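Step one of this worksheet: look at the structure below.
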Amino acid sequence: MYLTLFCDYDPCPTTVQDIKVAKMKEKLIKRFENLMNTAEYQFPDVDFTELVYRPSPWSKGKKSESDDAVITRHVPLPSQVYSSPSMPRAYRDAKDTEIILRMGEANDALQAIRTEIGYKSYVYRAQIRPYKGKNRRTRGWDNIKRSDRELKFHQKAYTTALAALRILGASAEVLAQYKDITKEDLRTVTAVSEPNARGQSKEKLAWFWSLDVAGDSDGSEHLEERE
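So the mapping is simple: this note's numbering equals the position in the sequence shown, first residue as 1, plus 967.
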């Protein structure tokens, strides 16, 4: 896990944009400092300055961005640090707690992914298909683009959680529950937007639709809008 702030790089930012980014950076750094203070209190025998961190997945493909546009701080969770016998046992045993937290993180991401797919399916059905004129469909396509960005964010969060579970050595039962998400899994499906539509029973849903995720998305704003 990384505390990360990505800002769209603007070569000519306005004063208002500069102030906004500066405040976001300040808030992020303060969060990190508070977290490290808590970690040092919980694990007084750990020298956090000596920890060797695993490579950050967020750093890939970011070479074109300004250095000032990205802030990344390593969070010293067991999944992010190369373990060694010299580490205090209490810190090494913390991986069991992180497994539980990562499962919750994965569940939250899957719930959000299902909600966004449902919302996209609704937009196609209600805001795009009924209209032929370009102007009438513009709003729908704008909503699709925003939803695609949300999907990418939640997929990245899920992928990060799954990678951590594998590094932590989660049980086979846990790993069998969480699978890799493919591009095909994220497509909109008629069975979601129109459950009673003709032929939808033959449509194959992605594996996560049948997963019993705590706090199911039945009550989400997007899915309620479809009903």
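Cβ coordinates follow ideal geometry from the N, Cα and C atoms, glycine included.
The structure presented is a predicted model; accordingly, all values stated were derived computationally and were not measured.
Residues of its chain near residue i, where Cβ-Cβ distance is below 8 Å and the 5 sequence neighbours each way are ignored
i       : result
PRO1055 : PHE1010, ASP1012, VAL1013
LEU1178 : LEU1077, GLN1144
ALA1114 : The residue asked about is misnamed: residue 1114 is Ser in this sequence, not Ala. Cβ within range, chain order: GLU1083, TYR1086, LYS1087, VAL1090.
ILE951  : Lying before the first or after the last residue shown, residue 951 is absent from the chain, which here runs from 968 to 1194.
LEU1153 : ILE1080, ILE1084, LEU1118, GLN1122, ALA1173
THR1105 : none
For residue i: DSSP bridge partner residues
i       : result
TYR1089 : DSSP, once it has assigned bridges, lists no residue as partnering TYR1089.
VAL1048 : TYR1020
Simplified DSSP state of residue i, which is helix, strand or coil
i       : result
VAL983  : helix
ARG1154 : coil
THR1149 : coil
TYR1201 : No answer is possible for residue 1201: it lies beyond the span of the chain, which begins at 968 and ends at 1194.
VAL988  : helix
SER1059 : The sequence shown places Arg at residue 1059, rather than the Ser named in the question. The answer is helix: DSSP assigns ARG1059 an H, G or I state.
VAL1042 : coil
VAL1141 : helix
GLY1136 : coil
SER1114 : helix
MET1070 : helix
CA-to-CA distance, residue j to residue i, given in whole angstroms
i       : j       : result
ASN1001 : GLU1007 : 10 Å
ARG1103 : ALA1093 : 11 Å
ALA1130 : TYR1086 : 27 Å
SER1138 : TYR1125 : 18 Å
ARG998  : ALA1061 : 21 Å
TRP915  : ARG1133 : With the chain running from 968 to 1194 in the structure shown, residue 915 is simply not present.
SER1053 : ASN1074 : 33 Å
LYS1112 : ILE996  : 31 Å
ALA989  : MET1003 : 21 Å
LYS992  : GLY1100 : 43 Å
TRP1108 : ARG1116 : 13 Å
Beta-carbon proximity check, residue i vs residue j, cutoff 8 Å
i       : j       : result
GLN1122 : ILE1084 : no
VAL1180 : GLN1078 : yes
ARG1069 : GLN1047 : no
ILE1066 : LEU1135 : yes
SER1050 : ARG1059 : yes
Cβ shell of residue i (< 6 Å), same chain only, five flanking positions each side left out
i       : result
LYS987  : none
THR981  : none
ASN1110 : VAL1090
GLU1072 : ALA1128
Close beta carbons around residue i, own chain, < 7 Å, minus the five adjacent residues each side
i       : result
ASP985  : none
LYS1146 : TRP1174
LEU1018 : PRO1043, VAL1048
ARG1096 : none
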